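**Student:**
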Amino acid sequence: MKLRLFVAGLGVVVSNGYAEEALQMAAYSPQVADEVLVTATRSPVALKDSIASASVITRDDIEKSQARDLYQVLRSLAGLQIRRNGSRGSATNVTMRGAGASGTLVLVDGINIESATLGETNLESISLDQVDRIEVVRGPKSSLYGSSAMGGVIQIFTRANKKDGVTYTLGRGSNNTVDTSISANGSSDSSQLNVTASHVVSDGIDVQSRDDEVAGSAAYDDDGYHRTNLSLNLEQALTEQISANLLFSGSRSQADHDSFYASNAGNTPYLEQETRLYSAALKYEREHYSTKLQYGKLEDASDNYEGDGTADVDRFGTTREHGFWENTLTLSPGVQLNFGTDYTHEEIEAPTAYRQTRRDNFGGYLNTQLELGLLSLSAGVRHDDNEQFGSKMTGDFAVGLHVTEDVTVSASVGTAYKTPSFNDLYYPDVGCCVGNPDLQPEEVESYELGVDAYQEWGSTSLRVYRSDIENKIDWVFVTQYIPLQVDEADVKGLELQVGTELFDTMIAASATYEVVENAATGEDLERQPRQRIALDVDRAFGRTELGFSVYAQNKHYEGEGEGRITLPGYGDVALRAAHRINEQVTVRARIDNLFDNDYVEIYGYNTEGRFVMVFFDYTPR
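Using the working numbering, count along the sequence shown one by one with no gaps and you end on 666.
#1: On a CA-only basis, which of Pro665, Glu501, Thr363, Gln111 is nearest glutamine 318? Give me that one, please.
#2: If you follow the alpha helix (DSSP H) that valine 118 is part of, which residue opens it and which one closes it?
#3: Taking only three categories from DSSP, how would you classify arginine 403?
#4: For glycine 480, which option in Ala498, Val181, Leu277, Ala398 has the closest C-alpha, if you only look at C-alpha atoms?
#5: Note down the Cα distance separating glutamate 66 from aspartate 79, rounded to an integer number of angstroms.
#6: Leaving out five residues before and five after leucine 420 in sequence, what residues of the same chain have Cβ atoms less than 8 Å from its Cβ?
#7: Could you give the uninterrupted runs of the beta strand (DSSP E) lying entirely in the region 479–556, keeping only those of 3 residues or more?
#8: How is the alpha helix (DSSP H) around tyrosine 471 delimited, first residue to last?
#9: Does the region 134–141 come into contact with the region 320–330, if we say contact requires no fewer than three beta-carbon pairs (one atom in each stretch) closer than 8 Å?
#10: What separation, rounded to the nearest whole angstrom, lies between the Cα atoms of glutamate 493 and aspartate 268?
#11: Quick check on the burial criterion: 16 or more other C-beta atoms within 10 angstroms. Buried or exposed for phenylalanine 202?
#12: Are the region 547–556 and the region 228–239 touching, with three or more C-beta to C-beta distances below 8 Å?
#13: May I ask you to report which of helix, strand or coil DSSP gives lysine 186?
#14: Report yes or no: do the region 391–407 and the region 432–439 share at least 3 C-beta pairs separated by less than 8 Å?
#15: Candidates Arg584, Asn221, Thr373, Asn220: which alpha carbon is nearest glutamate 330's?
#16: Name the DSSP beta bridge partners of arginine 297, please?
#17: Would phenylalanine 656 and arginine 633 be called neighbours here (beta carbons separated by less than 8 Å)?
#18: Thinking C-alpha only, which one of Val240, Gln530, Glu332, Arg272 is nearest glycine 249?
#19: Taking all protein chains shown into account, do 16 or more other C-beta atoms lie within 10 angstroms of the C-beta of arginine 666, making it buried, or fewer, making it exposed?
#20: Between leucine 243 and serine 254, what straight-line distance do the alpha-carbon atoms span, to the nearest angstrom?
#21: Residue range of the beta strand (DSSP E) that arginine 635 falls in?
#22: Are three or more beta carbon pairs between the region 575–590 and the region 555–564 nearer than 8 Å?
#23: Going by C-alpha to C-alpha distance, which of Leu215, Thr313, Ser187, Thr652 sits closest to aspartate 303?
#24: In chain order, what residues of the same chain lie with their CB nearer than 8 Å to the CB of alanine 64, ignoring the 5 residues before and after it?
#25: Decide if alanine 71 is buried, meaning its Cβ has at least 16 other Cβ atoms within 10 Å, or exposed.
#26: In this structure, how does DSSP classify glycine 134 when only helix, strand and coil are distinguished?
#27: Count the CB pairs spanning the region 79–92 and the region 169–188 that are closer than 8 Å, and state whether there are at least three.
#28: Would you mind working out which of Glu366, Gly196, Asp301 sits nearest asparagine 349, comparing C-alpha positions?
#29: Pull up the CB-CB distance for glutamine 111 and arginine 621, whole angstroms please, since I reckon it's below 8 Å.
#30: Can you tell me whether alanine 565 is buried or exposed, with buried defined as 16 or more other CB within 10 angstroms of its CB?
#31: Quick one: using the 10 Å Cβ neighbour count with 16 as the cut-off for buried, is alanine 91 buried or exposed?
#32: Indicate whether asparagine 425 and leucine 415 have their beta-carbon atoms separated by less than 8 Å.
#33: Measuring alpha carbon to alpha carbon, tell me which of Gly164, Ala461, Gln381 ends up nearest aspartate 519.
#34: Going along the chain, which residues of its own chain have a beta-carbon closer than 8 Å to the beta-carbon of glycine 295, five neighbours each way excluded?
#35: How do the region 466–482 and the region 148–163 stand: do at least 3 beta-carbon pairs fall below 8 Å, yes or no?
#36: Tell me the rounded alpha-carbon separation between leucine 417 and glycine 196.
The following block contains the structure:
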């Protein structure tokens with residue numbers, strides 16, 4: 046009965062999207078059937094031809110959705126659970142298929158941007174202004190990418206030149222928020238360059254709630270934030286077959302927060318973060334063979350201040366170097382090989398000594414795709430040699446049966462793993478928490494059945510999956526917080542995506558039913574709501590476009606055992622409108638949390654109330 050009511054609820058809920066492209070975000074639409082997908086095989090393939098469960102979000106989708114950050118863009122996709130510690134400006138992470146934030150791999154232009162200390166990616170450091178497209182592939186992909194790709198892979202491609210020109214954007218909104226950006230494109234016969242800069246500043250909201258219980262009324266303050274981003278992307282054709290790419294992406298931010306100590310209630314603690322990504326790539330392409338050599342370096346630094354100008358123990362710096370060589374070889378029509386090798390070096394710096402501060406990983410992979418009449422086959426294997434944990438072998442296999450020209454039935458099985466982070470293993474004993482050097486890598490074995498249909502009336506994608514996760518890491522409070530491993534976690538889920546057009550109105554729906562529980566106790570793991578639904582409705586009226594969104598999820602839990610807390614489910618409605626004044630000027634408006642609902646995503650952290658934002662876009666012609 047619960048599942049029946051959940052699916053029936055699709056008729057009354059809505060999510061985040063816009064006009065025709067809104068359909069592309071929340072469902073497999075006919076308009077994007079031929080969209081190119083790279084992440085599923087590390088080589089280009091049409092989305093409709095991919096056996097993997099995948100979504101592609103284009104630059105047009107992002108702009109027309111009027112989303113302010115990745116949190117809003119990814120929220121409506123089936124299979125993803127995205128959350129943040131409070132309002133915009135706070136740490137934001139995403140989980141896929143119950144694998145946790147550390148089990149979801151996030152790449153920027155092929156480079157892993159995971160923090161070596163936290164073992165996960167803070168999406169808040171990435172500005173949407175610098176994003177060209179996003180690819181989401183669900184399910185284990187360690188056979189291609191190694192550690193972290195347990196629940197899936199999200200790859201973000203930075204903006205590249207498509208048409209010469211400059212676009213200026215100015216936004217004003219609630220909480221004295223100012224959001225500005227400039228993006229410039231230029232090209233020659235052999236070169237393409239994009240430079241994008243953005244800055245956002247806001248008074249924010251009172252982010253934390255638990256501090257009020259300890260520090261009292263002195264903690265009732267708004268926690269402001271500001272962030273500046275800069276990205277440069279240069280593509281250079283050296284010959285007809287050889288091209289080079291240079292990328293820089295940087296972010297610097299400061300976000301206020303509250304103290305849990307009454308003695309510090311009069312101060313305003315804040316966190317400063319800086320992230321820099323450098324990448325260089327060389328690519329050679331011919332008709333039946335392509336090869337790419339790429340090196341990237343991620344530098345991530347954070348300083349936590351108590352408000353009196355002195356830094357506390359939470360001062361960290363991490364460096365991740367990632368290099369890879371990937372190849373695609375077409376042996377004959379319908380037979381393709383993907384193979385390559387990669388190297389990762391991680392290193393951390395901290396004021397309190399860790400038992401180990403660096404490690405290396407070498408990996409090699411082989412993947413093949415076959416088209417045999419009505420059958421599509423994909424198989425892959427990878428071997429990793431980790432300096433701390435030794436050898437690890439992963440693999441996957443998928444088969445798709447083209448029942449008709451428009452309908453494909455698929456089945457897949459795969460394995461993946463995640464190495465513990467430096468914090469998991471070696472966080473120094475500072476009284477509140479301590480690492481656990483006895484941890485072993487998390488491992489997952491996953492099975493999936495799917496149906497995809499692309500038809501004149503619209504499109505549908507249905508996935509049913511089960512995953513068995515061993516050695517799942519969870520920070521729990523004993524005498525202090527320490528990471529321990531659940532013997533086994535069971536994940537069972539269903540994902541549905543539907544898109545259609547009725548009476549010139551674009552409608553897109555996504556639904557996720559997912560149970561993530563401790564196999565021994567049967568308890569749901571924390572922060573894992575079982576039911577999530579989203580629906581987009583959008584329509585254009587000449588130069589004006591209107592749309593509305595609602596996202597809904599049911600209850601979830603925080604903590605374990607007797608101290609477990611139940612957080613109720615909630616629904617969140619948004620409205621959006623845009624009007625093109627002329628070819629140069631567009632005005633946009635968006636209202637989030639329309640009914641000013643009071644809800645909690647993470648225990649101890651407040652969420653934004655009603656939020657209004659207005660943007661002006663100017664593109665000189």
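The beta carbon of each residue, even a glycine, is placed where N, CA and C say it ideally should be.
Everything numeric in this text was worked out from a predicted model, so none of it was measured.
**Tutor:** So, to answer that:
#1: Numbered from its first residue, the sequence shown carries residue 318 at position 273. Checking every option, the nearest Cα to that of glutamine 318 belongs to Thr363.
#2: What you label residue 118 is simply residue 73 of the sequence shown in a count that begins at 1. Counting along the chain, the alpha helix (DSSP H) containing valine 118 begins and ends at 115–119.
#3: Taking the sequence shown and counting its residues from 1, the one referred to as residue 403 is at position 358. Here arginine 403 sits in strand by DSSP.
#4: Locating residue 480 in the sequence shown gives position 435, where the first residue counts as 1. With distances taken between Cα atoms, glycine 480 lies closest to Ala398.
#5: As a working note, residue 66 is residue 21 in the sequence shown. As a working note, residue 79 is residue 34 in the sequence shown. Note that glutamate 66 scores a pLDDT of 36, beneath 50, so its modelled location is shaky and nothing firm can be said.
#6: Here residue 420 corresponds to residue number 375 of the sequence shown, with the count starting at 1. These residues qualify, in order along the chain: Val444, Gly445, Leu446, His447.
#7: 487–500, 503–522, 526–547
#8: The count along the sequence shown starts at 1 and reaches residue 471 at position 426. Per DSSP, tyrosine 471 belongs to the alpha helix (DSSP H) from 467–471.
#9: no
#10: Taking the first residue of the sequence shown as 1, we reach residue 493 at position 448. Taking the first residue of the sequence shown as 1, we reach residue 268 at position 223. Approximately 43 Å between the Cα atoms of the pair.
#11: Walking along the sequence shown from the start, residue 202 turns up at place 157. With 16 or more Cβ atoms within 10 Å of its Cβ, phenylalanine 202 is classed as buried.
#12: no
#13: Position 141 of the sequence shown, counting from 1, holds the residue named residue 186. Of the three classes helix, strand and coil, the one that applies to lysine 186 here is coil, per DSSP.
#14: yes
#15: To locate residue 330, count along the sequence shown from 1; it is residue 285. Nearest of Arg584, Asn221, Thr373, Asn220 to glutamate 330, Cα basis: Thr373.
#16: Looking up residue 297 in the sequence shown gives position 252. BP columns for arginine 297 point to Thr273, Glu319.
#17: Against the sequence shown, residue 656 aligns to sequence position 611. Against the sequence shown, residue 633 aligns to sequence position 588. No, Cβ-Cβ distance for phenylalanine 656 and arginine 633 is not below 8 Å.
#18: On the sequence shown, position 204 is the one that residue 249 refers to. Taking only the C-alpha atoms, the option nearest glycine 249 is Arg272.
#19: To locate residue 666, count along the sequence shown from 1; it is residue 621. With fewer than 16 other Cβ atoms within 10 Å, it is exposed.
#20: Position 198 of the sequence shown, counted from the first residue, corresponds to residue 243. Position 209 of the sequence shown, counted from the first residue, corresponds to residue 254. Here residue 243 turns out to be serine, not leucine, going by the sequence shown. Roughly 30 Å separates the two Cα atoms.
#21: As a first step, residue 635 must be located in the sequence shown, where it is residue number 590. Its beta strand (DSSP E) spans residues 630–637.
#22: yes
#23: Counting from 1 along the sequence shown, the entry for residue 303 is found at position 258. Here the closest residue by C-alpha is Thr313.
#24: To locate residue 64, count along the sequence shown from 1; it is residue 19. Only weak support exists for where alanine 64 lies, its pLDDT of 34 falling under 50; the value from the coordinates is given anyway. Hits under 8 Å: Lys109, Met551, Asp583, Arg584, Ala585, Glu590, Gly592.
#25: As a working mapping, residue 71 is identified with position 26 in the sequence shown. Confidence is the limiting factor: at alanine 71 the pLDDT is only 37, short of 50, which leaves the residue's position unreliable, though a coordinate-based value still follows. Answer is buried; the Cβ neighbour count reaches 16.
#26: Sequence index remark: in the sequence shown, residue 134 carries index 89 (1-based). It is coil, neither helix nor strand.
#27: yes
#28: For the purposes of this step, residue 349 is taken as residue 304 along the sequence shown, with counting starting at 1. Residue Asp301 is the option with its Cα nearest to asparagine 349.
#29: Residue 111 sits at position 66 when you count from the first residue of the sequence shown. Residue 621 sits at position 576 when you count from the first residue of the sequence shown. Right, the Cβ-Cβ distance comes to about 5 Å (below 8 Å), so this counts as a contact.
#30: Numbered from 1 along the sequence shown, position 520 holds the residue referred to as residue 565. So alanine 565 counts as exposed.
#31: Working through the sequence shown from its first residue, we reach residue 91 at position 46. Alanine 91 should be labelled exposed.
#32: To locate residue 425, count along the sequence shown from 1; it is residue 380. To locate residue 415, count along the sequence shown from 1; it is residue 370. According to the sequence shown, residue 425 is glycine rather than asparagine. Contact flag unset, no.
#33: Taking the sequence shown and counting its residues from 1, the one referred to as residue 519 is at position 474. Nearest of Gly164, Ala461, Gln381 to aspartate 519, Cα basis: Gly164.
#34: Position 250 of the sequence shown, counted from the first residue, corresponds to residue 295. So the qualifying residues of the chain are Asn274, Leu275, Ser276, Glu319, Thr320, Arg321, Leu322.
#35: yes
#36: Looking up residue 417 in the sequence shown gives position 372. Looking up residue 196 in the sequence shown gives position 151. About 29 Å.
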